[in-house]
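Engineer:
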Amino acid sequence: RDYTKQVAVEVGGRVTSENSNEASFTLPGKTLINTKGEEEIISFTLTPSTIDPQSESHPTTLIATLCYPYETELIASVCIDPDPNNIRPTKKSCIVEDAPFSQGQGAPVAITLVQPQIIPGSSQVKPQFLITIENKGKGEVIKPELYKNICRGTSSGIDVKELNRIGMEAWLSDQKLTCYLRTDTNPSADRPETESFVRLQSQKQVIRCEYPENARPILKTDDSYTSQLTINLNYGYVESKPTEYTIRKVN
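Taking this note's numbering, I'd label the letters of the sequence shown as residues 346 to 596.
Here it is, written out as structure tokens:
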């Protein structure tokens, strides 16, 4: 039995509230400069229910649920080698190799591995990347615009397909890559809109992104070079943590 009658948040500073048991605030995420991020202490006042006359105390549980939108960004240097089979006897400036990121990016959903591949054609090559994405946190991933519904208890109408859903984009330098994602059409819209997204399975997924056919050609006669790979993930995240406390009768 829950012996908590009412929960009221204390507002002030950057903490606001629309409901008595709900706190809203904004915190900057972790960055390369600020690796620890920021923190906020939220205070709540709990009003207990009346316990049984025969009882001196009752244990009860308080559950705090944190729901927020988040974006994971990875910026990494990758090698583009137009001669992956080493046909030309020239010295190369870089080597195409896997790039593991075991520590992630300081976000609950992390890019943990990038595997570059160079696909040769008749006169050109096409870079492609196998990108491993994992939920490294202790919570659940949800479609970004629905995270508030979870915290406010209005999630009964949320379809299971909205869970483990992540938006994704990737660029090689300033060229947007083609990523092979799932697609979904929203039938309730006035004009159906198709959304592309990553679906995690068992907290993990591998996505293939490739250099588009209509982009500036990378010729097989070009020298190897280093380019910047940028990957953005956007999602909602929900994490709950219970704590036990005891209500004692005051004599």
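C-beta atoms are modelled at their ideal positions from N, C-alpha and C, and glycine is treated no differently.
1) Suppose the cutoff is 8 angstroms on Cβ atoms and the five residues either side in sequence are ignored; what does the same chain contact list for Leu526 look like?
2) Short of 7 angstroms in beta carbon distance, which residues of its chain neighbour Pro393, apart from the five on each side in sequence? Order them along the chain.
3) Starting from the Cα of Ser572, find the closest Cα among Thr588, Cys554, Trp516, Asn559 and give me that residue.
4) Does DSSP put Tyr524 in a helix, in a strand, or in coil?
5) Can you name, in chain order, every residue of its own chain whose Cβ lies under 6 angstroms from the Cβ of Asp602, other than the five neighbours on each side?
6) Do you know offhand how far Lys488's Cα is from Ile478's?
7) If you check the beta carbons only, do Leu419 and Ile396 fall under 7 angstroms apart?
8) Which class does Lys471 belong to by DSSP, given the choice of helix, strand or coil?
9) Thinking C-alpha only, which one of Ile563, Phe474, Val352 is nearest Ala409?
10) Measuring CA to CA, which of Arg561, Tyr492, Leu545, Ser547 is closest to Pro414?
11) Give the secondary structure of Pro465 by DSSP, where H, G and I count as helix, E and B as strand, and everything else as coil.
12) To which residues of the same chain is Ser422 closer than 7 angstroms at the C-beta, ignoring the five residues directly before and after it?
Structural biologist: In short:
1) Met513, Ser541, Phe542, Val543, Ile552
2) Tyr348, Thr349, Lys350, Ile592
3) Trp516
4) Correcting the residue identity first, residue 524 is Cys in this sequence and not Tyr. Looking at Cys524 - three-state DSSP - the assignment turns out to be strand.
5) There is simply no residue 602 to check, as the chain begins at 346 and stops at 596 in what is shown.
6) 16 angstroms
7) no
8) strand
9) Val352
10) Tyr492
11) strand
12) Thr571, Gln573
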